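In UniProt numbering, the protein residues as written are 1 to 458.
Pasting the structure below:
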């Protein structure tokens, strides 16, 4: 997906002013479009934005204006949302295993909706926050998601009866069930199967005389931009070769299944915990090429430096979802990256942001590279880079001293010069929120574009 003209203009202007450091452009209008689209496609489901996905204050303030609800996982996230004007009733404390002091804080500030998935957690809650509204987190099949969560959280269906009985013995109120199919799921069957799982849990509760009132269908919704929903080609599953579904298609099937298993007349309140959906496409990262060499360690050539003329300041932009995973799904080590990249004629580009910073999603979010390229600051289409005679085999590396700081082990780009610029779209989810200034490299500054398309602020 090409970045929109509004964002391109801001990047070109910034670079034209002599910018050298990496920077991020945040489009708040994109967040608004996602909010409106959610209510259009899932009108029965109340979204609770997962704050951990991107806790940028400008984004959160905009969400407060929209009247969003929030999924918080810690005392710090709850504090942040309350300080920005969120109401305690708009927050779900959706962390199945909580520190006692954080649980006390939630009680003190009036956050009542809380998740759990085990007996020990119930005992903690009884001791600290006995009058809260509990949601039992189930364990669905998360095998179709980019980031699986079932290895850490979720109660099996066989445990539901026991946990409900224990909650009754402890005089705790279980109001509903929740689940999470994993982050980044493009397969509608995962969402549908999880709703059927929840229905079974509701039936078990009813047989025990427990009236459940809330269904939390979790997160995992894809975060492609609204403009991509009707574009071709659509993302394809790299393991099965099947066509991935966009949010409207998934939402349609979710709605049909909810209407069948939890009809409106049942009175069940349906909520969700989307994170990636709301912010994935709102941020674009611009980076500069700060170094260049061949894998054969050839001496530096004077031609590698970009001149200051407009003709020579052309760079390239990359549009992707980023990863250095091996084919078997394991994370590559520095040695294995070197083994992959052994073509002595290939070029190594060093850019001013890496896996310790915004590109930490390459390591932690299992992001997968699929670059589409253009040239900055003068736009020139080079999308077909592999077959373009101007393109060369290369790799992208971050600025730190760590050999693991490889962003893309192998790709094709134009023959860039030091000082050229690249940009990466879809950099809003699980990127800046986990970035660190390792080696003393400062994190990229942010430029926010307001909803009215006129105001720009940092």
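Glycine residues also receive a C-beta, built at the ideal position from the N, C-alpha and C atoms. If you're wondering where the values come from, they're calculated on a predicted model, not measured in any experiment.
C-beta atoms of residue i and residue j nearer than 8 Å
i           : j           : result
residue 119 : residue 163 : yes
residue 177 : residue 122 : no
residue 397 : residue 348 : yes
residue 290 : residue 23  : no
residue 86  : residue 105 : no
residue 351 : residue 288 : yes
residue 444 : residue 353 : yes
residue 132 : residue 161 : no
residue 191 : residue 254 : yes
residue 94  : residue 280 : no
residue 204 : residue 172 : no
residue 64  : residue 84  : yes
residue 72  : residue 134 : no
residue 130 : residue 197 : no
residue 271 : residue 46  : yes
residue 109 : residue 78  : yes
N- and C-terminal bounds of the alpha helix (DSSP H) containing residue i
i           : result
residue 109 : 100-109
residue 361 : 361-364
residue 356 : That residue, residue 356, is in no alpha helix (DSSP H); it is neither H nor E in DSSP.
residue 84  : Note, residue 84: premise wrong, no alpha helix (DSSP H); not H, not E.
Own chain partners of residue i with C-beta closer than 8 Å, once the 5 adjacent residues on each side are dropped
i           : result
residue 449 : 6, 7, 10, 25, 26, 27, 28, 29, 455 and 456
residue 41  : 247, 248, 251, 252 and 255
residue 128 : 100, 103, 104 and 107
residue 165 : 208
residue 405 : 354, 355, 356, 397, 398 and 399
Other residues of its chain near residue i: CB distance less than 7 Å, five sequence neighbours each side excluded
i           : result
residue 461 : This structure leaves residue 461 out entirely; the chain is present only between 1 and 458.
residue 181 : 140, 142, 145, 190, 191, 194, 218 and 220
residue 61  : 84
residue 210 : 164 and 174
residue 170 : 122 and 126
Opening and closing residue of the beta strand (DSSP E) in which residue i lies
i           : result
residue 46  : 45-50
residue 410 : 406-414
residue 176 : 173-178
residue 64  : Residue 64 -> not in any beta strand (DSSP E); alpha helix (DSSP H) instead, spanning 57-66.
residue 137 : 133-137
residue 114 : 113-116
Beta-carbon contacts of residue i that lie in its chain and below 6 Å, excluding the five residues immediately before and after
i           : result
residue 310 : At residue 310, the pLDDT of 42 sits below 50, so the modelled position is not reliable and the matter cannot be decided from this model.
residue 241 : The pLDDT assigned to residue 241 is 42, lower than 50, so where the model puts this residue is not dependable; a value taken from the coordinates is nonetheless given after this. Contacts found: none.
residue 284 : 3, 7, 25, 423 and 425
residue 96  : 115, 116, 117, 137 and 153
residue 52  : 73
residue 202 : 212
residue 294 : 347
Should the segment 217-226 be regarded as contacting the segment 276-289, the criterion being three or more beta carbon pairs within less than 8 Å? yes
Return the chain-ordered ranges of every beta strand (DSSP E) run that is complete within the segment 7-43 and spans a minimum of 3 residues. 23-27
Could you check whether the segment 407-414 touches the segment 256-275, counting it as contact only if at least three pairs of C-beta atoms, one from each stretch, sit closer than 8 Å? no
Can you find at least 3 beta carbon pairs, one from the segment 428-444 and one from the segment 52-69, that sit closer than 8 Å? At 8 Å Cβ cutoff, the stretches touch.
Which whole runs of the alpha helix (DSSP H) in the segment 251-288 are 4 residues long or more, in chain order? 276-279
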